[in-house]
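Going from the sequence shown to this note's numbering is simple: count from 1 and add 5.
Every residue, glycine too, gets a C-beta built ideally from N, C-alpha and C.
Small disclaimer: the values here were computed from a predicted structure and weren't measured.
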Amino acid sequence: MKKSGTKNKKEPEIIARPSHTVSRADISKNALKVLYRLHKSGFQAFLVGGCVRDAILNLHPKDFDVATNAHPEEVRALFGNCRLIGRRFRLAHVRFGREVIEVATFRASVDADENHADSVQDHHGRILRDNVYGTIDEDVWRRDFTCNALYYNIADFSIWDYTDGVKDIERRRLVLIGDPAKRLREDPVRMLRAVRFAAKLNFSIDKTVSEAMHELAGLLTNVPPARLFDEFLKMFQAGFAEKTLDLLREYKLFEQLFPQTSAALDRDDSFARFVKSALTSTDRRIARGKSVTPMFLLGVFFWAPVQEAAAVLRSREKMSTAQSLALAAWEISGQHQSRISIPKRFTGPMREMLAMQPRFEVMQGRKGLNLLEHRRFRAAYDFMVLRSEVGEVDKATAKFWTDVQEQNAEQRLQSFQLGTAGAATKKRRRPRRRRARTAPPS
Ligand code: ATP
Ligand code: MG
Numbered sequence: 006m007k008k009s010g011t012k013n014k015k016e017p018e019i020i021a022r023p024s025h026t027v028s029r030a031d032i033s034k035n036a037l038k039v040l041y042r043l044h045k046s047g048f049q050a051f052l053v054g055g056c057v058r059d060a061i062l063n064l065h066p067k068d069f070d071v072a073t074n075a076h077p078e079e080v081r082a083l084f085g086n087c088r089l090i091g092r093r094f095r096l097a098h099v100r101f102g103r104e105v106i107e108v109a110t111f112r113a114s115v116d117a118d119e120n121h122a123d124s125v126q127d128h129h130g131r132i133l134r135d136n137v138y139g140t141i142d143e144d145v146w147r148r149d150f151t152c153n154a155l156y157y158n159i160a161d162f163s164i165w166d167y168t169d170g171v172k173d174i175e176r177r178r179l180v181l182i183g184d185p186a187k188r189l190r191e192d193p194v195r196m197l198r199a200v201r202f203a204a205k206l207n208f209s210i211d212k213t214v215s216e217a218m219h220e221l222a223g224l225l226t227n228v229p230p231a232r233l234f235d236e237f238l239k240m241f242q243a244g245f246a247e248k249t250l251d252l253l254r255e256y257k258l259f260e261q262l263f264p265q266t267s268a269a270l271d272r273d274d275s276f277a278r279f280v281k282s283a284l285t286s287t288d289r290r291i292a293r294g295k296s297v298t299p300m301f302l303l304g305v306f307f308w309a310p311v312q313e314a315a316a317v318l319r320s321r322e323k324m325s326t327a328q329s330l331a332l333a334a335w336e337i338s339g340q341h342q343s344r345i346s347i348p349k350r351f352t353g354p355m356r357e358m359l360a361m362q363p364r365f366e367v368m369q370g371r372k373g374l375n376l377l378e379h380r381r382f383r384a385a386y387d388f389m390v391l392r393s394e395v396g397e398v399d400k401a402t403a404k405f406w407t408d409v410q411e412q413n414a415e416q417r418l419q420s421f422q423l424g425t426a427g428a429a430t431k432k433r434r435r436p437r438r439r440r441a442r443t444a445p446p447s
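The following block contains the structure:
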């Protein structure tokens with residue numbers, strides 16, 4: 006029995022500066038400012054969590070979390086640029102331009118049976134409220150994985166390790182602090198975090214954790230849908246989407262979030278290739294520092310279910326393919342809201358992007374030309390190119406739309422066979438020649 010013994014270990018192993026590799030050069034200037042000011046004011050001040058873990062791994066930490074024994078009001082009194090957020094779970098945000106340093110007061114974990122007024126659990130053991138201030142050696146046991154429970158002390162640049170976190174980082178494994186099943190029941194989102202960190206850090210999920218995950222995957226349905234959407238963003242926009250999906254499916258977590266997509270992936274190889282290809286290109290974009298929009302990925306996940314629902318709608322009522330896709334996209338995203346709540350600002354554009362797909366078949370006339378001006382053209386085009394990669398759209402069609410984007414206004418008129426009456430014959434002939442040249446060998 007692995008880590009349950011650590012609960013009693015109240016003394017941290019203190020790793021002095023010469024014995025670890027986290028240097029101040031790895032830490033953002035603003036985080037250092039916050040740490041130093043807290044320290045000079047007589048408080049304890051540590052960096053904690055992912056930033057310490059990432060610095061040890063030589064990755065560039067993306068955000069810096071500070072833990073302190075100063076209470077939120079005391080933190081606010083020290084920094085002019087500070088805002089307190091959260092009603093129950095109060096945190097201080099110290100803002101420096103675009104960078105926000107999150108400062109949290111040490112908290113104690115409260116056991117279910119202790120019945121504390123500031124800590125409430127539901128009947129599955131999920132923690133609903135948890136806001137009891139404590140000391141660092143209480144704070145550590147509330148953290149999820151041992152690799153996330155390391156504290157970098159600004160007083161002497163040492164690292165405090167209560168849970169053998171450094172060893173687990175060296176062994177590249179994710180170990181939950183305490184009893185895995187209990188910790189996953191407290192917060193089932195930790196299962197998604199396990200997958201996210203395993204994908205991002207290339208860590209293995211410790212056997213004790215993976216066994217509990219296999220048993221408790223179903224508890225995800227018990228998590229507020231808005232939180233699952235936040236987690237969805239973190240999982241799929243971190244640059245490791247492809248690996249994340251594989252792990253989510255392996256642990257039967259994906260079906261808790263997107264049951265219809267999951268079923269379609271199981272039965273439809275072409276859809277599985279389409280999704281995989283979308284995730285690969287998302288990861289590539291992120292690696293190149295390009296932006297990705299969640300609505301694109303949602304459209305990808307919903308594509309098979311939306312097409313099916315659209316076909317059913319068309320069999321019942323006479324309507325265009327575009328109309329049926331728009332209606333079906335509405336239906337399918339609506340059916341997900343109770344599991345994973347997707348904000349309207351994403352469902353609207355996604356619906357447009359999917360409903361635009363049939364329009365790429367129209368390569369003549371004003372209608373075709375106007376598509377280029379549509380505000381969702383770029384996303385819809387990228388989506389269509391992915392479809393062409395799995396054979397859903399002609400390669401020649403995809404090439405046509407790739408080419409016309411490079412053309413000037415006059416060339417476009419020719420491509421869409423929109424000429425003045427006099428030039429009509431000549432202009433109509435050109436695209437035909439072009440298409441013949443670019444058609445793939447069959
Ligand atoms: P990254 O920022 O790279 O996504 P992180 O580990 O910093 O990873 P955050 O969500 O920023 O993750 O959380 C900061 C720290 O807070 C974590 O390292 C962990 O110690 C603690 N923490 C966050 N979420 C949970 C949770 N659900 N249960 C327990 N501890 C958590
Ligand atoms: Mg973090």
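query, result
"Beta-bridge pairing of Leu155 - partner residues as DSSP gives them", "Asp166"
"Ser24 burial status per 10 Å Cβ neighbour count (16 or more: buried)", "exposed"
"Proximity to Ala292 [Cα-Cα], best of Ala277, Gln312, Ala246, Ala333", "Ala246"
"Proximity below 9 Å, CB of Ser329 to CB of Ala309", "no"
"Span separating the alpha-carbon of Phe48 from that of Asn74", "6 Å"
"Under the three-state DSSP convention, the category Leu423 falls into", "coil"
"Where Lys15 sits in the DSSP three-state scheme", "coil"
"Start and end residues, beta strand (DSSP E) containing Thr26", "Thr26 -> no beta strand (DSSP E), and no H or E assigned at all."
"Closer than 8 Å: Val53 CB and nearest the ligand ATP heavy atom", "yes"
"Tyr41 - DSSP class collapsed to helix/strand/coil", "helix"
"beta-carbon Phe111 near the ligand ATP non-hydrogen atom, thresh 8 Å", "no"
"Euclidean distance between Cα positions of Gln416 and Val409", "8 Å"
"Three CB pairs or more closer than 8 Å across the region 284 to 299 and the region 398 to 407", "no"
"Straight-line Cα distance separating Asp273 from Leu374", "34 Å"
"Cβ-Cβ separation, Thr140 to Ala154 (assumed contact under 8 Å), whole Å", "Rounded, the Cβ-Cβ distance is 14 Å, inconsistent with contact."
"Residue interval of the beta strand (DSSP E) (run including Arg88)", "87 to 90"
"Cutoff 8 Å; reference Ile345; Cβ partners in own chain excluding five residues on either side", "Pro230, Leu233, Phe234, Phe237, Leu262, Phe263"
"Start-to-end residues for the beta strand (DSSP E) that takes in Thr213", "Thr213 -> not in any beta strand (DSSP E); alpha helix (DSSP H) instead, spanning 212 to 221."
"Nearest residue (CA-CA) to Thr298, options Arg278, Thr285, Lys349, Gln242", "Gln242"
"Sequence-distant residues of its chain with Cβ nearer than 8 Å to Lys372 (five each side left out)", "Arg364"
"Range of the contiguous beta strand (DSSP E) that encloses Ile468", "Residue 468 falls outside the range modelled here, since the chain spans only 6 to 447, and no answer is possible."
"For Ile32, the three-state DSSP class (helix, strand or coil)", "coil"
"C-beta atoms of Phe202 and Leu179 nearer than 9 Å", "yes"
"Outcome for Arg380 when other beta-carbon atoms lying within 10 angstroms are tallied against a minimum of 16", "exposed"
"Unbroken beta strand (DSSP E) run spanning Ser107, endpoints", "Before going on, a small fix: residue 107 reads as Glu here, not Ser. From DSSP, the beta strand (DSSP E) with Glu107 extends over 104 to 110."
"Supposed contact pair His44 and Ala50 - C-beta distance, whole angstroms, cut 8 Å", "5 Å"
"The ligand ATP heavy atom lying under 8 Å from the CB of Pro66", "yes"
"Whole-angstrom distance between Lys248 and Asp59, CA atom to CA atom", "19 Å"
"Contact test: Asp271 Cβ vs the ligand MG heavy atom, cutoff 8 Å", "no"
"Asp70 beta carbon near the ligand MG (any heavy atom closer than 8 Å)", "yes"
"8 Å CB neighbourhood of Ala426 in its chain, flanking five on each side removed", "For Ala426, the predicted model reports a pLDDT of 45, less than 50, meaning its position is unreliable; a value from the coordinates is still stated below. So no residue of the chain qualifies."
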